[in-house]
Structure formats: C-alpha cells, structure tokens
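Each protein sequence line maps, in turn, to chains H and W.
Residue numbering for the first sequence follows my numbering, beginning at 1 and increasing consecutively.
Residue numbering for the second sequence follows my numbering, beginning at 471 and increasing consecutively.
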Amino acid sequence: MTSYFNEMYEGGEVRPPYARLSDWMASMPADRRLEKQAEAEALFRRIGITFAVYGEGGDPDRLIPFDMFPRVFTGQEWAKLDRGIKQRARALNAFLVDVYGRGEIVRAGRIPAHLVYQNEAYERAVVGFVPPKGVYSHIVGIDIVRTGPTDFYVLEDNCRTPSGVSYMLESREMMMRMFPDLFRENRIEPVDRYQDLLRRTLASVAPAKCERDPTIVILTPGHYNSAYYEHSFLADLMGVELVEGADLFVDGAFVYMRTTQGPKRVDVIYRRIDDAFIDPLCFRPDSMLGIPGLMDVYRSGGVTICSAPGAGVADDKAVYTYVPEMIRFYLGEEPILNNVPTWKCAEKDDLGHVLANLGELVVKEVHGSGGYGMLVGPKSTKAEIEEFRARIVADPSNYIAQPTLALSTTPTFVEEGIAPRHVDLRPYCLVGEKIELVPGGMTRVALKEGSLVVNSSQGGGVKDTWVLAE
Amino acid sequence: MLSRTADNLYWIARYMERAETAARLLEVGARIALLPTAVGYRSDWDSLLRAAGSATGYAAKYGAADQKAIESWLFFDRDNPNSVASCLTAARENGRIVRTALTQQVWDALNTAFQELRQIEARREKAELSRLTDWVMKQAAMVRGAIDGTILRNDGFNFLNIGYYLERGDATARLMDVKYYVLLPRAEYIGTGLDNDQWLMLLRGLGAHRAFHWAYGGEVTSAKIAHFLILNPQSPRSLITCVAGLNNHLMRLAKAYGRETPAQAASAHLLAGLEGLSTDHIFDEGLHEFLTRFITESAALGGVIRDSYLSGDM
C-alpha cells in the first residue's frame, strides 16, 4: 500500500506550522464542530456561493462543501512556490507571444511544430498580433500537488479563465468570521489584496488607444453558468460592471456597453467565456454569447481581451510536457517546480508503456477538464480499465498518462471526526505590467475516503489555505 | 448602469408586486366563496382568473373552475407565469443576476422567500390558504422594507420603484375590474346590499378596509370606494398614488441623467388625466370602460419606459 505524506505530521510529531491547530483541533468537541459546520453552510447559502454542476440534475444551487480545517504552508515553503509559479507564468506568456509571432521555439526544435500549429486551441485569427504588454494569459491558475516535505509537482496549467478564486477569498472570510482566535494566534498572510491586484493588472493592459482611466468589465456567459457567482463576486469586489454579450456592441473602432444613459466605451474585457464564443463573426457563428465584430476591434487595438484569444494553446495537456523546456528556452533558468512525468499516447513507445501499466496510471483526455473523462488506474475496477483501454486504442493521440501521485493529505473534518484526506492547490498568478501572486490559493480536498479526485464536480470540497508570515 | 441591470431591477419589483397581487386575489376569492350569494360559486372563481390575466391558461390545463385547482394554479403552478411560485422564483432569479446591484438585506429577503417557498412546495398538501396568503404578504413586505431601508437612492432605486408602481397600479385596476366586470354582470345588482358586501371584500383584499373607514366614515358607497381606489392620493394603492409615484421616480431619473425621454412626457400625461377627474366622470364613462382604458395606457407607458431605458437600444 502506498504511504501518503500527511502535511500535519512528520515522524509521528506535529510539524511546526500545524502546532497551534493541533490544540485547536483537540479543543473542538463534536457538538461544537457540527454547530460551526452548520453555521458555515448557512453563511455560504445566505451569501449565495453556490456551484451548479451541468448534466447532473438535482439542486441547481448546490453548495461546494467547505472544510473548516485549514491547510498550512510555512513562509519558506511558500517562497519556493512563489518563485516557481511566477517563473512558470512568465515562461507560458513568452511561449504564447512566440508561437503567434516568429515561433523561435519551434524553429529551434524544442517543441514539435504539429503540437503547436495543429493544436485545436491554436488561434489563427491572432497570428502576428501582440497584445498590450505582451501578455496573453493575465490570470494563470497552476494546479500543484505535494508528495513529500519538499516535493511539489505541477499537475496542469490553466491559462484561459481559471475559476475558483472566489473560494480562496470566501473561505478566508468565513474562517476569520468563525474563528477569529486562530488568526490572533497564528500570523497568517492576508489574501484580500487579490481584488486590487486583479484590477490593477487588468488596468495595466488597457489598449494604447485608451487615454483615460480604463473602463473594465467582466464578461459572463450568464447566470446559468456554474461559475456565475464568482463572476458577479469579482465584479462587485472590483467595482466593475458584469456584462453579458448582448450588453456589448461594436461601433466603428470601439466596443461599447448599453447603459441607461446610452453607450459607454469599454477598454478592458475580462472574459469568462471561451474563445469559440466571443465573436460569432470570427469564431462560432451560432454563438449567442458573443459580440459580433469584437475581434476586429481587438486586433486594431481598440480593446483588450483578458485572457487573450489563443492563450489556450499553452495549457493544453500535450503542450504541458514542454513547459520545463519553455522555462529553459525563454528564461535560461532551470524549472523550480517539477512537471509530473507524462506519457503521450500519441507516441508509439509511450502508448505501449501506458497500455501495459493501465492499472497503476492516471490517464487523462488531452483536452478534458473538470475531472471528467479520466481513469485513475489503482482506483478502478477491471471492467472500467478495459473499457478505457478500448477508448485509448481507438484514439491514442487524445490521451496522456501520468503515474498515480501519492497526493499529500491534510486533516479534514469528516463524519467520524478528523481524518486525513487528499488535497491539491490552485494559486492564481496575475500577469500584467508586473507579475503578482497573493500568498494563498484554493485548496481542494477529496472528501471521499481514499479518493484522489479533488474536482468540485466530483464531490471535492475546499479549505482555507494559510501561508504563515516569517 | 447597464440597461440590462436596470431591467432586472425593474422586474424584481414587478414580480414581487405581482406575487402579492396573486395572493390578494386568492384571499378575495376565498372570502367570496364564504359568502351566501345568488351569483353563484363558479363565476366568482372565473372572475378571479380573468383578473389574474390567466383564464385561458387555466382552462387549457384544468378545464372547469374548481376552487382547489384554482388555488393551486394561482399559488403553486409553474405553468402559470403569474402564480405566486412563478413570480417569487422569477424575482429571485432576477435578483441573482444583479446580485451586485442589491444590498445584502435585499438579496437575503429575496432568497429567503425563495428558499421558504421550496419548503412550502415540498409539503403543499398541508398548506392552508390563509397562511399562504399571509406568508406572501410578509415576504413582499420584507423585500420592500429591505429596499426602502438599505438601497442607495440612485438610479437603481428609481428603477425598482418604477417597477413597483407600474405593477401596483395595474393590479389595483384589475382587482377593481373583477368586481365590476364579472361579479356584477347585471345592472340591477348595483347599489344593493350585495353590491356593498362585495366592495368591502375587495377593500379587504387590498388590505384597506380599515383605512377606508378612517378616511371616509359613514355609509359605504360605490362612489366613495371608487374615489378611494382611484383618486385618493392618501390611499397607498390608488391609481393616482401609483401614477404619481411612477412620475416622481421618472422625474428623478431625468434629473440624475440630465436628460428627459418620452417616458417622462407619457407619465406626466397619464397623471394629469387622473388629476382632472371626479368619480362622476368615471361613472359616466363606465367603471369598466375607465379601468380598461387605464390598464391599456399603463401598459403603453411600460413600453415607453422599456424603450427609453431598459432595452439598451438608444
């Protein structure tokens, strides 16, 4: 049986960052815990933080489970993560500017051309266009797992529109409200600068044609979207309008929003909809969500779109394997954070290895997300493995495989009391004129015993993430 | 403010007021059913459906009028866009869309109404009509109170109030029309004891029978009631109160935006028309004819407001 690193303990002793929490945990009888849990749930529901899951029916206003037991990093641990995350965000953006420009990395033979130029996420419409400040991905969400005291791996990069930052902010809010003593006893780095940094980041990439304080909006697919709460939450925190496609229109060289006082020009659009839907004239003609003509204005420098159309080519799961190469190529540095070793089923040797070891591997769809369409070998039945094998054989290039990582655990409140559950981490790196990272992120926890899948759509929950001040 | 946001705010108010109207109709209906009248059971309930503007939808689904079915139609039925359940759900949905334009208290009130509604729906067999209608009034009052108590007096507040007043004026006119248009189809009833009983019931349905007695005293007459519900600016639901309120909030918008639209002219016109009236004029025109005209003009004003502020096409 695999042994897992429990972040609270080392050699039978409580690790220093968790020392205070150990007392706190001991002083929490079951009835008080249940009371607090109910209080948290009532607060979340009242505020309206809900998470809808497509295709499951049932309660459209489902709450994401919140676990009160925080996950803690020391200042030192975080310093390393901070450097590694920013390094990665820089390299990913350099890669994007390059592949929509001269394509030096491809010419140098450091990444196969077909992987870039024949990638579904490669956007021909923006070839040769450099967005303001050379930034394609303004909010980079990097999923990180831990396997030991000093071992961190990047599981995947999210360069388009990573969601979940509202959980980082609201989990903290909730904990401060319910357990103020914990924050007096522990020196915890605050995360609430995030909204100001996000606003500043977006303002810093306003188009050159904008000579005044830029008007920023968040573009949402609408209130039926599962992340709608987050969209409205961020708009509110930043004090910007939350718009839908129909609220915007193009007139001449600019984009305007429809207001009760007539049209108002928009300079920066933080869009939370996919490339394919933002402009029916340029991309999917059947899109009801987009703004006809938006891409023309974008390419002529009349508006900035964040993340930039085309950014998705950097977070493709097949391209992922080359991120360490990007770091070496563009920055001349060695990667601070490791990639998980990955086999590409598109390659014959790798495919052989994957098919021979399906029982031990995690297999993912190259373009999949949300924990759907994946196989966790050690947790699957024979029948499930065989079914998946057939799918891989039918379309090998659609799959990659990774070893089943021994994801770390942290103590988590469960029915029977407190038990270790597996966690991951998604910090949100902001890239504009500067690169910024607030000390924290969204920690997701797999609430089911033994489960390694932390996605909220698959029964995962969230925790507050602490970084202790040095 | 985004036109769509203004539109959502306007509809939150309209749906909340409409939910209240559905509840009031149910209450009036329940009381009529308790009265020993010669008019008969069936047509009374029919008239309510007509006032609620959903007689056709009901007939298509249930056929003949039946008290239980009508109660269910007006309160619970999601196929009826004007049922209490549909309206409270729509109000909350509009609120969710513009969550950031609302205060915590207003959202709380909208969300609480919706969450409680779901509990009521889960055990609807046990629900008593009088409790249900009381509950709706209470929820409506909570939302209204949260709006009055906590919302900034900005354009959003004006759009909310415009929605409330427009819907309320329409509802008062429709409720009155129930009385005259259907409950008393035959002219010989007018002025009889039966006539007055039903008028009083109408006042009760509008929560205004005590206020009426305070304001007028003495015998209840059709003229007094018509004055109270149409022309008395002290009455909180009279047509003139609603139109004046509407006009006031449109004027505030024009001032804040530094720009008048056709909506201001249209509301001023409607208000001037009411201010020049007496009950004699109304009865000369015919109460039903007058009410029908008002409902049409009020709907037209709604259209002008939509074109001037809410549609985003300017």
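Don't be surprised by glycine CBs; every beta carbon is placed ideally from N, CA and C.
Top-ranked residue by Cα proximity to residue i, from the options
i, options, result
"W/Tyr727", "H/Tyr256, H/Val255 and H/Thr260", "H/Thr260"
"H/Met168", "H/Leu234, H/Arg200 and H/Glu185", "H/Leu234"
"H/Val130", "H/Asp143, H/Asn93, H/Ala121 and H/Leu115", "H/Asn93"
"H/Leu219", "H/Asp213, H/Lys209 and H/His231", "H/His231"
"H/Gly148", "H/Val467, H/Pro439 and H/Leu407", "H/Leu407"
"H/Arg160", "H/Ile139, H/Asp236, H/Val191 and H/Pro190", "H/Ile139"
"W/Ala733", "W/Leu720, W/Leu744, W/Lys725 and W/Leu741", "W/Leu720"
"H/Arg71", "H/Gly450, H/Leu96, H/Arg444 and H/Gln458", "H/Arg444"
"W/Met471", "H/Ala390, H/Pro263 and H/Ile305", "H/Pro263"
"H/Pro396", "H/Arg426, H/Val363 and H/Thr404", "H/Val363"
"H/Ala401", "H/Tyr256, H/Lys36, H/Lys317 and H/Gln37", "H/Lys317"
"H/Ser200", "H/Leu96, H/Ala446, H/Ala113 and H/Glu436", "One point to set straight first is that residue 200 of chain H is Arg, not Ser, in the sequence displayed. Nearest option by C-alpha distance: H/Glu436."
"H/Pro341", "H/Thr404, H/Tyr330 and H/Leu331", "H/Thr404"
"W/Gly565", "H/Val106, H/Phe388 and H/Tyr228", "H/Tyr228"
"H/Leu351", "H/Arg107, H/Val393, H/Pro420 and H/Asp157", "H/Val393"
Span of the alpha helix (DSSP H), counted from its first residue to its last, around residue i
i, result
"H/Thr147", "Careful: H/Thr147 lies outside any alpha helix (DSSP H) and carries neither H nor E."
"W/Met455", "Nothing can be reported for residue 455 of chain W, as the shown portion of chain W is limited to 471 through 784."
"H/Thr410", "Segment Thr409 to Val414 is the beta strand (DSSP E) holding H/Thr410; no alpha helix (DSSP H) there."
"H/Pro324", "Val323 to Met326"
"H/Asp464", "Where H/Asp464 is concerned, there is no enclosing alpha helix (DSSP H), although the beta strand (DSSP E) it sits in stretches over Gly460 to Val467."
"W/Phe764", "Leu757 to Ile775"
"H/Pro180", "Pro180 to Glu185"
"W/Pro732", "Pro732 to Glu745"
"W/Phe545", "Gln537 to Phe545"
"H/Glu436", "Where H/Glu436 is concerned, there is no enclosing alpha helix (DSSP H), although the beta strand (DSSP E) it sits in stretches over Ile435 to Leu437."
"H/Thr304", "H/Thr304 -> not in any alpha helix (DSSP H); beta strand (DSSP E) instead, spanning Thr304 to Cys306."
"W/Phe627", "Asp625 to Asp647"
"H/Ala311", "No alpha helix (DSSP H) contains H/Ala311, which DSSP labels as neither H nor E."
Where residue i falls, given that 16 or more other Cβ within 10 Å makes a residue buried
i, result
"H/Gly57", "Unreliable positioning characterises H/Gly57 in this predicted model, as indicated by a pLDDT of 40, which lies under 50. The coordinate reading is nonetheless provided below. Flag for H/Gly57 reads exposed."
"H/Lys344", "buried"
"W/Lys608", "exposed"
"H/Glu170", "buried"
"W/Arg656", "With a pLDDT of 49 at W/Arg656, under the threshold of 50, the modelled position of this residue cannot be trusted; read the value that follows with caution. So W/Arg656 ends up on the exposed side."
"H/Arg187", "exposed"
"W/Leu723", "buried"
"H/Glu244", "buried"
"H/Gly312", "buried"
"W/Thr766", "exposed"
"H/Gln76", "exposed"
"W/Leu701", "buried"
"H/Leu21", "buried"
"W/Leu654", "Note that W/Leu654 scores 47 on pLDDT, short of 50, meaning its location in the model is unreliable; the coordinates nonetheless yield the value given after this. So W/Leu654 ends up on the buried side."
"H/Gly55", "With a pLDDT of 38 at H/Gly55, under the threshold of 50, the modelled position of that residue is not reliable, and the figure given next carries that caveat. Answer is exposed; the Cβ neighbour count stays below 16."
"H/Pro207", "buried"
"W/Asp786", "Nothing in the structure corresponds to residue 786 of chain W, since chain W is present only between 471 and 784."
"W/Phe682", "buried"
"W/Asn624", "exposed"
Opposing strand residues paired with residue i [DSSP bridges]
i, result
"H/Tyr256", "H/Phe249 and H/Arg265"
"H/Met374", "H/Lys364"
"H/Leu242", "H/Ile218"
"H/Gly141", "H/Asn158 and H/Tyr428"
"H/Glu13", "H/Glu10"
"W/Arg588", "Answer is none; W/Arg588 lacks a bridge partner."
"W/Leu518", "DSSP output for W/Leu518 lists no bridge partner at all."
"H/Arg444", "H/Asp424 and H/Val462"
"H/Phe73", "H/Val467"
"H/Ala401", "H/Trp343 and H/Val363"
"H/Phe329", "DSSP, once it has assigned bridges, lists no residue as partnering H/Phe329."
"H/Gly417", "H/Val414"
"H/Phe338", "Before going on, a small fix: residue 338 of chain H reads as Asn here, not Phe. Paired residues: H/Tyr153."
"W/Leu472", "H/Thr259"
"H/Ile188", "H/Leu468"
"H/Arg271", "H/Leu219"
Run of the beta strand (DSSP E) containing residue i, from where it starts to where it stops
i, result
"H/His367", "First-last for H/His367: undefined, no H or E at that position."
Integer-rounded CB distance, given that residue j should sit under 8 angstroms from residue i
i, j, result
"H/Val126", "H/Tyr100", "6 angstroms"
"H/Pro309", "H/Ile278", "7 angstroms"
"H/Ile111", "H/Glu325", "6 angstroms"
"H/Met295", "H/Cys282", "4 angstroms"
"H/Leu337", "H/Arg88", "7 angstroms"
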